[in-house]
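Residues 1 to 375, numbered by the UniProt record's numbering, are exactly what the sequence shown covers, in order. Even for Gly, the Cβ is constructed at its ideal location relative to N, Cα and C. Here the structure is a predicted model, which is why all the values come from computation and not from measurement. Below is one structure, written out as structure tokens; the observations come after it.
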Amino acid sequence: MNKVLTFPDASGMALSIRAKALLFHDPRSLALLEQVERIAHSDATVLVIGETGTGKELIARHLHAQSGRGGPFIAVNCGAFSESLIDAELFGHETGAFTGATQARAGWFEAANGGTLFLDEIGDLSPALQVKLLRVLQERQVVRLGSRRPIPLDVRLVAATNVDLHRAIAAERFRADLYYRLSVATVHLPPLYQRPGDILPLAHHFIQSYGARLHQAAVTLTVRAEHALLAYDWPGNIRELENVIHYALIVCRDGRIEADDLRMGGRVPAGRAAAPSYDAAPLPVAVAASPLERLETLLGELLETGEAALFDTVEERLIRTAFAACEQNQVQTAKVLGLSRNVLRTHLKRFGLIGAEPAPGRGEIHSFHGMSVAL
């Protein structure tokens, strides 16, 4: 019997927000589950590392469930809030701590007291917030904004990221001391294509789940459809598999999902070919180069032509393209590029995509004895 982890309210969640099921059938997944359940019984801070859509929050929830802690499980996405807002949300604030703070409010650390706090996308925290988080972890207490009174905490912290924190540390975007504090116990969640034994059981799980909601009973996968699922590299991981199965259930006929019903846009990874079908001709293997391979070819051509200031040119084009694709949303742009918002803002100002900060002494507002003076 496969062990399946799901959200308590999975049926009511939006389709594409996150991986909503994690199943342990592949030997690599079973070893991962054993590791997670060993770690769960300690109070060690845990860092979950994995690509988007692999089920990092489900791992965090299972850690909490197996820990025996009686407090709540609180999940926070660090990349979904502005720097000023997440400061108040994480640590709480007192009345009058900032404009609009009309009443005192506990932060997420206090809300999770006695339980587990899950901080997703930890790599998006600004340097200032990294310092505050490090202090909370060291002292096991939190101080609300606008207060000097420390509040003791009994919180188990689980952090997650899809960013290479070692590279972020080398680029001075992430504190090394915070990384070592977070990674007391590290869980590496492999991408879906590296645990192929989970693909078909997960597909059957989603067929059962969405089939019930769509009032379709006993829908099956053909052999060609199974081979197509196993041959695909799943860049979007479990979340993408869920979307593919949901769509296939909508368009399939006669209670059978055919290979043509699977809307997949990736490629077969190097060294992995589709298994041959025994009831039909083999499926064609994708031969088109991947986007990264095409990019490498184009960069090679630019190098050969002696393009001036190539690094700066490519960097600017990347920032401009990502900023436009994210509709000028700085938080989302920083997320897709794997940068902190502060670093992104520096690039946006450098390339003239947002206005520069006022120069010192120009347009600044200073307060003298209760009077505001514009300089």
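Check	Outcome
Rounded separation between Leu56 and Ser67 - CA only	In the sequence on display, residue 56 carries Lys and not Leu. Cα-Cα distance, rounded: 17 Å.
Closest residue to Arg105 among Thr99, Thr116, Gly115, Phe91 (Cα-Cα distance)	Phe91
Three-state class that DSSP yields for Val287 in the structure shown	Note that Val287 has pLDDT 35, beneath the 50 cutoff, so the model's placement of it is unreliable and no number is given.
Per-residue DSSP class, three states only, for Gln103	coil
C-beta contact flag for Ile238 and Thr45 at 8 Å	no
Close-in-space but distant-in-sequence residues of the same chain around Ala270 (CB under 6 Å, 5 per side omitted)	Here Ala270 scores only 42 on pLDDT, less than 50, and its place in the model should not be relied on; the value that follows carries that caveat. Hits under 6 Å: none found.
Cut-off 6 Å between Cβ atoms - residues of its own chain near Val287, not counting five sequence neighbours on either side	Confidence at Val287 is low in this model, with a pLDDT of 35, below 50, so the placement of that residue should be treated as unreliable; the coordinate-derived value is given next. Correct list: empty, nothing qualifies.
Check whether Leu117 and Leu58 have beta carbons under 8 Å apart	no
Tyr210 to Arg38 span [Cα, whole Å]	33 Å
Outcome for Gly79 when other beta-carbon atoms lying within 10 angstroms are tallied against a minimum of 16	buried
Candidates Gln208, Phe73, Asn243: closest to Leu119 by CA position	Phe73
CB contact flag (Glu258, Thr222, <8 Å)	yes
DSSP state of Thr45 mapped onto helix, strand, coil	coil
Residues that Val142 bridges to, as DSSP identifies them	Ile151
Cβ neighbour criterion (16 or more within 10 Å) applied to Leu310	exposed
8 Å Cβ cutoff met for Val155 and Gly115	yes
Beta-carbon gap between Leu129 and Glu89 smaller than 8 Å	no
Distance, His205 Cα to Arg213 Cα	13 Å
Closest residue to Gly50 among Gln216, Lys3, Ile86, Gly123 (Cα-Cα distance)	Gly123
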